[in-house]
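Enquirer:
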Amino acid sequence: MTYAYKLMDSPVGQLKLVANGERLAAILWENDKPNRVRLGELVEANERAVLIETERQLQEYFDGTRHAFDLALDFQGTDFQKKVWHALLTIPFGQTRSYAEIALQIGNVNAVRAVGAANGRNPISIVAPCHRVIGASGELTGFAGGLANKMLLLSLEAGQTSLEAATDTQAQSQAHAPAIGGAERKAHAKPARHAPSHGTQASLFGN
Numbered sequence: 001m002t003y004a005y006k007l008m009d010s011p012v013g014q015l016k017l018v019a020n021g022e023r024l025a026a027i028l029w030e031n032d033k034p035n036r037v038r039l040g041e042l043v044e045a046n047e048r049a050v051l052i053e054t055e056r057q058l059q060e061y062f063d064g065t066r067h068a069f070d071l072a073l074d075f076q077g078t079d080f081q082k083k084v085w086h087a088l089l090t091i092p093f094g095q096t097r098s099y100a101e102i103a104l105q106i107g108n109v110n111a112v113r114a115v116g117a118a119n120g121r122n123p124i125s126i127v128a129p130c131h132r133v134i135g136a137s138g139e140l141t142g143f144a145g146g147l148a149n150k151m152l153l154l155s156l157e158a159g160q161t162s163l164e165a166a167t168d169t170q171a172q173s174q175a176h177a178p179a180i181g182g183a184e185r186k187a188h189a190k191p192a193r194h195a196p197s198h199g200t201q202a203s204l205f206g207n
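The sequence shown finishes on residue 207 if you use UniProt numbering, and the numbering steps up by one all the way, no holes.
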């Protein structure tokens, strides 16, 4: 199977938008791990209608004027993975869920680890908002696009800052910050307050 792709520059790095026919199959990060999302042969197709529309809606999202996407999606994965990915689509803009809450939603309360693994392989980043899934303690946990980008997306949805401003602030902070070890880095990844259960993202940032 041959997939069409289009590259898009964004505040969170260059994104690769991938289509299967006229359905969106993937949004891949600039530094995505090889084979995190398994696709067939990729051919550049900048004029593919669904890719142009995806870029338009993403730009509106980054500009802060779009809170929901309206795109035909093509999830390729196991039945369990698809359940998790479809559950992601139900998380409203500005809210978060824990892995345990997603497991409960799909009817398998003992599948928290499997939910985490499926979340990590979500092919359609941002549109299927895996960045809205956080640890039970409020820790941001792993993210294919990197924890910095996860924080930026959550900040945008909390209405706290523009992505451009957050990116500048983050770059300045990293330039002056000393190197930190694994345990310290993990601690720094935690939001300022406990994670809400079906609450707004604003509480993650102390608002």
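Heads up, the beta-carbon is just placed ideally off N, CA and C, and yes, glycines get one too.
None of the values given here were measured: they were computed from a predicted structure.
1) State yes or no: is the C-beta of M8 within less than 8 angstroms of the C-beta of L58?
2) Do three or more CB pairs link the stretch 123-142 to the stretch 56-76 at distances below 8 angstroms?
3) May I ask which residues mark the beginning and end of the beta strand (DSSP E) holding K83?
4) Looking only at its chain, what residues have a beta carbon closer than 7 angstroms to the beta carbon of S10, apart from the 5 residues adjacent to it on each side?
5) Should D32 and A118 be called a contact, given that it needs their Cβ atoms to be closer than 8 angstroms?
6) Considering only residues of the same chain and omitting the five flanking positions on each side of E22, which have a CB-CB separation below 6 angstroms?
7) Are there 16 or more other CB atoms within 10 angstroms of the CB of P178, so buried, or fewer, so exposed?
8) Quick one: Cα of A103 to Cα of K150, how far?
9) According to the Cβ coordinates, are A100 and V84 closer than 8 angstroms?
10) So what's A136 in DSSP terms, helix, strand or just coil?
11) Hey, how far is the Cα of A158 from the Cα of I134?
12) Reducing DSSP to helix, strand and coil, say where K150 ends up.
13) In angstroms with no decimal places, state the Cα-to-Cα distance between N35 and L15.
14) Quick check on this structure: which residue in L28, L24, E41, T65 has the alpha carbon closest to the alpha carbon of R48?
15) So, is V37 buried or exposed, given that buried needs 16 or more other C-beta atoms within 10 angstroms?
16) Between the C-alpha atoms of A45 and T54, what's the straight-line distance to the nearest angstrom?
17) Could you check what DSSP says for T54 in three-state terms: helix, strand or coil?
18) By DSSP's criteria, M8 is part of a beta bridge. Which residues make up the other side?
19) With a CB to CB cut of under 8 angstroms and the five nearest residues on each side skipped, what residues in its chain are close to R66?
20) Where L147 and L140 are concerned, what is the direct C-alpha to C-alpha distance, given to the nearest angstrom?
Expert: This is what the structure gives:
1) Yes.
2) Taking a cut-off of 8 angstroms for Cβ pairs, the stretch 123-142 and the stretch 56-76 touch, as three or more such pairs fall below it.
3) Per DSSP, K83 belongs to no beta strand (DSSP E); it is in the alpha helix (DSSP H), 79-88.
4) L58, F62
5) no
6) V50
7) With a pLDDT of 44 at P178, under the threshold of 50, the predicted position of this residue should be treated as unreliable, though the coordinate-derived value follows. By the neighbour-count rule (16 or more Cβ atoms within 10 Å), P178 is not buried but exposed.
8) 21 angstroms
9) No, Cβ-Cβ distance for A100 and V84 is not below 8 angstroms.
10) In the structure shown, A136 sits in coil (DSSP, three-state: anything other than H, G, I, E or B).
11) 15 angstroms
12) helix
13) Straight-line Cα distance between these residues: approximately 16 angstroms.
14) Taking only the C-alpha atoms, the option nearest R48 is L24.
15) Residue environment: V37 is assigned as buried (16 or more neighbouring CB atoms within 10 Å of its CB, all protein chains considered).
16) 13 angstroms
17) helix
18) DSSP, once it has assigned bridges, lists L15 as partnering M8.
19) Q57, E60
20) 7 angstroms
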